[in-house]
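Participant: Residue numbers (our numbering): 83 to 539.
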Ligand SMILES: [Zn+2]
């Protein structure tokens, strides 16, 4: 009888302070031993010489649209794409599923769907919408990792934006429950009125769309959310910040004691508004892509340590919803979760010299710490054996046929990335290997194991 289930030999493990070559052993889904020259026997030995071992990434922001809009994506296809991209867990947004996740019943429907077909582990956010603040407690009882609210109009009428009072009272409730609130921060009055003016005068090009969502709309909403969080004592997380100035507002608030963090997304770190013009509606998102100077200032904020994590905001749709030239009518979401780690390795590590341990923190450990997933996001004895084996120097061009999404659309197609995921393991089980999905769905629900830690990031 072998001592361990698996031993991974000779890879470079990415830890908190850097990387080191070591062997490690897995038993019952956990990392149980790490040693430069590990003895013992295992059911399976993996030769990882020449490869880097990342803690499996946690995509903190995904829309897989199930139940209700499975034709847009679904857990089966979405999680295969994640596994191919080196991700071992994800956090699912309450909207774009139908019904949206705003009560126990909708939570249970989503849980049943994920149990049936998710290849990797998952956590769910509940929604804050007008009228459901009293229901947040039951969502907390279900095990949600936090609550999501929209400050701008959403793309799906079944999930309404939170007015200021709903957001303020939602934050009060969330603070009492010890769970964070996540906001889509864009000023609704500004974006709605600029949209109305453009559409009513048939100005619907990409530049008209960009003009309808100015940077000030993001900055104002971030400031307002920070004010509410400070007043209520709520932990706040700003999703998909598209500008360095937005990140700077978050950093300044944290410095004065507000418990606020933020994320940005691979598309804001790789693509500009010129790419949006060249690529068309496949690159439409909200907030929109920005000029190059904003992209560079986001990278500066990452190097300063002011960005908590990088998440995909994978928000797919059927191709017909991206058809046509009308930028206001097209679905506002980018499919990108499969490329998240690739973008960070190519743009971050290879092109800008961002240390690998920083990339691991942005994609794994910081997320696990923020949401209280104590056994996730780290290569340590006792942690879940969630890992991605990466050939850091291998280059590949992303082709349409490589995408595992339900609909093979992504603005990253045609790009060349340096750094290829060779193998992905979830709790010690190989789910992706050499370009193929090799496991049945084994994903499990993650629930916060402790109340949020204030000011960790
Ligand atoms: Zn989103």
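All C-beta atoms in this analysis are idealised placements derived from N, C-alpha and C, irrespective of residue type, glycine included. Treat the numbers as computed from the prediction; the structure is a model and nothing was measured.
For a test of the three-state rule: what should DSSP assign to residue 85, helix, strand or coil?
Facilitator: What you label residue 85 is simply residue 3 of the chain shown in a count that begins at 1. Of the three classes helix, strand and coil, the one that applies to residue 85 here is coil, per DSSP.
Participant: I need the boundaries of the alpha helix (DSSP H) containing residue 274, first residue and last residue.
Facilitator: In the chain shown, residue 274 corresponds to position 192, counting from 1. Note, residue 274: alpha helix (DSSP H), 270 to 282.
Participant: Taking 7 Å as the cut-off, is the beta-carbon of residue 319 closer than that to any non-hydrogen atom of ligand 1?
Facilitator: What you label residue 319 is simply residue 237 of the chain shown in a count that begins at 1. No, the Cβ of residue 319 stays beyond 7 Å of every heavy atom of ligand 1.
Participant: Kindly provide the ranges of any beta strand (DSSP E) runs that are 3 or more residues long and lie completely inside the region 284 to 347, ordered along the chain.
Facilitator: 318 to 320, 342 to 346
Participant: Which residues in the same chain have their Cβ closer than 6 Å to the Cβ of residue 482, if we skip the five residues on either side of it in sequence?
Facilitator: Here residue 482 corresponds to residue number 400 of the chain shown, with the count starting at 1. Excluding residues within five positions, the ones whose Cβ falls inside 6 Å are 490, 495.
Participant: What residues are listed by DSSP as bridge partners for residue 532?
Facilitator: Numbered from its first residue, the chain shown carries residue 532 at position 450. According to DSSP, residue 532 bridges with nothing at all.
Participant: Give me the Cα-Cα distance between residue 195 and residue 152, rounded to the nearest whole angstrom.
Facilitator: As a position in the chain shown, residue 195 is number 113, starting the count at 1. As a position in the chain shown, residue 152 is number 70, starting the count at 1. About 10 Å.
Participant: Report the option in 531, 528, 521 whose CA atom is closest to the CA atom of residue 199.
Facilitator: Reading the chain shown from its first residue, position 117 is the one you call residue 199. Per the Cα distances, 521.
Participant: Would you say the beta carbon of residue 379 comes nearer than 7 Å to a heavy atom of ligand 1?
Facilitator: Taking the first residue of the chain shown as 1, we reach residue 379 at position 297. Every heavy atom of ligand 1 is 7 Å or more from the Cβ of residue 379, so no.
Participant: Here's a check: name, in chain order, each residue in its chain whose Cβ is nearer than 6 Å to the Cβ of residue 255, leaving out the five neighbours to either side.
Facilitator: The sequence position of residue 255 within the chain shown is 173, counting from 1. Once the five neighbours on either side are set aside, the close Cβ partners of residue 255 are 215, 218.
Participant: In its own chain, which residues sit with a C-beta less than 7 Å from the C-beta of residue 104, not counting the 5 before and 5 after it?
Facilitator: To locate residue 104, count along the chain shown from 1; it is residue 22. If we look at residue 104 and ignore the five residues flanking it on each side, its Cβ neighbours are 95, 116, 117, 118.
Participant: Is it right to say residue 230 is buried, meaning 16 or more other beta carbons lie within 10 angstroms of its own, or is it exposed?
Facilitator: By one-based count along the chain shown, residue 230 stands at place 148. Counting Cβ neighbours within 10 Å, residue 230 comes out buried, since at least 16 surround it.
Participant: Which of the three DSSP states, helix, strand or coil, is assigned to residue 161?
Facilitator: For this step, residue 161 is matched to residue 79 along the chain shown. Residue 161: helix per DSSP, three-state reduction.
Participant: Does DSSP put residue 109 in a helix, in a strand, or in coil?
Facilitator: Position 27 of the chain shown, counted from the start, is the residue given in the question as residue 109. Residue 109: strand per DSSP, three-state reduction.
Participant: Cβ of residue 451 versus every heavy atom of ligand 1: is any distance shorter than 7 Å?
Facilitator: As a position in the chain shown, residue 451 is number 369, starting the count at 1. Flag unset: Cβ of residue 451 not near ligand 1.
Participant: Taking 7 Å as the cut-off, is the C-beta of residue 395 nearer than that to any heavy atom in ligand 1?
Facilitator: Along the chain shown, read from residue 1 onward, the residue named residue 395 stands at position 313. It does: the Cβ of residue 395 is within 7 Å (strictly closer) of some heavy atom of ligand 1.
Participant: Going by DSSP, which residues form a beta bridge with residue 469?
Facilitator: By 1-based counting over the chain shown, the position of residue 469 is 387. Residue 469 is bridged to 137, 507.
Participant: With DSSP as the reference, label residue 250 as helix, strand or coil.
Facilitator: For the purposes of this step, residue 250 is taken as the residue at position 168 of the chain shown. In the three-state reduction of the DSSP assignment, residue 250 falls in the helix class, which pools H, G and I.
Participant: Cβ of residue 202 within 8 Å of Cβ of residue 241?
Facilitator: Here the question's residue 202 lines up with position 120 in the chain shown. Here the question's residue 241 lines up with position 159 in the chain shown. Contact: no.
Participant: Using a Cβ-Cβ cut-off of 7 Å (strictly less than) and excluding sequence neighbours within five positions of residue 486, which residues of its own chain qualify?
Facilitator: Locating residue 486 in the chain shown gives position 404, counting from the first residue. So the qualifying residues of the chain are 159, 162, 163, 166, 420.
Participant: From residue 135 to residue 359, what does the alpha carbon distance come to, in whole angstroms?
Facilitator: Along the chain shown, read from residue 1 onward, the residue named residue 135 stands at position 53. Along the chain shown, read from residue 1 onward, the residue named residue 359 stands at position 277. The alpha-carbon atoms of residue 135 and residue 359 are separated by roughly 37 Å.
Participant: Which value, in whole angstroms, describes the spacing of the CA atoms of residue 519 and residue 504?
Facilitator: Locating residue 519 in the chain shown gives position 437, where the first residue counts as 1. Locating residue 504 in the chain shown gives position 422, where the first residue counts as 1. C-alpha separation (whole angstroms): 11 Å.
Participant: Regarding residue 50 and ligand 1, is the C-beta to nearest heavy atom distance less than 7 Å?
Facilitator: Here the chain has residues from 83 to 539 only, and residue 50 is not among them.
Participant: Cα separation between residue 540 and residue 333?
Facilitator: Here the chain comprises residues numbered 83 to 539, so residue 540 is not present and cannot be evaluated.
Participant: Leaving aside the five residues before and after residue 512 along the sequence, list all residues of the same chain whose C-beta is less than 8 Å from its C-beta, in chain order.
Facilitator: As a first step, residue 512 must be located in the chain shown, where it is residue number 430. Closer than 8 Å at Cβ, skipping near neighbours: 505, 506, 520, 521.
Participant: Would you kindly report the start and end of the unbroken alpha helix (DSSP H) that includes residue 377?
Facilitator: Here residue 377 corresponds to residue number 295 of the chain shown, with the count starting at 1. Looking at the DSSP string, the run of the alpha helix (DSSP H) that includes residue 377 is 374 to 386.
Participant: If residue 177 and residue 248 are in contact, beta carbons under 8 Å, what's the gap, nearest whole angstrom?
Facilitator: Residue 177 sits at position 95 when you count from the first residue of the chain shown. Residue 248 sits at position 166 when you count from the first residue of the chain shown. In fact, because the Cβ distance is near 15 Å, the residues do not count as touching under 8 Å.
Participant: Can you look up residue 230 in the DSSP assignment and give me helix, strand or coil?
Facilitator: For the purposes of this step, residue 230 is taken as the residue at position 148 of the chain shown. Look at residue 230 here: in three-state DSSP terms it is strand.
Participant: Is residue 233 a contact residue of ligand 1, with contact defined as CB to any heavy atom under 7 Å?
Facilitator: Working through the chain shown from its first residue, we reach residue 233 at position 151. Checking the Cβ of residue 233 against ligand 1 gives no.
Participant: The alpha helix (DSSP H) spanning residue 358 covers which residue range?
Facilitator: Along the chain shown, read from residue 1 onward, the residue named residue 358 stands at position 276. That run of the alpha helix (DSSP H) goes 355 to 361.
Participant: Between residue 412 and chain C, is there a C-beta pair that is closer than 8 Å?
Facilitator: Of the protein chains in this structure there is only one, and it is not chain C.
Participant: On the CB-based measure, 16 or more other CB atoms within 10 Å of its CB, does residue 309 come out buried or exposed?
Facilitator: On the chain shown, residue 309 is found 227 positions in, with the first residue counted as 1. That one is exposed.
Participant: Counting only the same chain and skipping the five closest in sequence on each side, list residues whose C-beta sits under 8 Å from that of residue 86.
Facilitator: Against the chain shown, residue 86 aligns to sequence position 4. Cβ neighbours of residue 86 beyond the five flanking positions: 107, 108, 109, 114, 115, 122, 123, 124, 125.
Participant: Buried or exposed: which applies to residue 298, given that a residue is buried once 16 or more other Cβ atoms fall within 10 Å of its Cβ?
Facilitator: As a working note, residue 298 is residue 216 in the chain shown. Its Cβ having fewer than 16 others within 10 Å, residue 298 is exposed.
Participant: Considering only C-alpha positions, which residue in the set 528, 128, 235 is nearest to residue 369?
Facilitator: Within the chain shown, residue 369 is the residue found at index 287, counting from 1. Ranking 528, 128, 235 by Cα distance to residue 369 puts 235 first.
Participant: Examine ligand 1 and report whether any of its heavy atoms sits within less than 7 Å of the Cβ of residue 145.
Facilitator: In the chain shown, counting from the first residue as 1, residue 145 sits at position 63. Yes.
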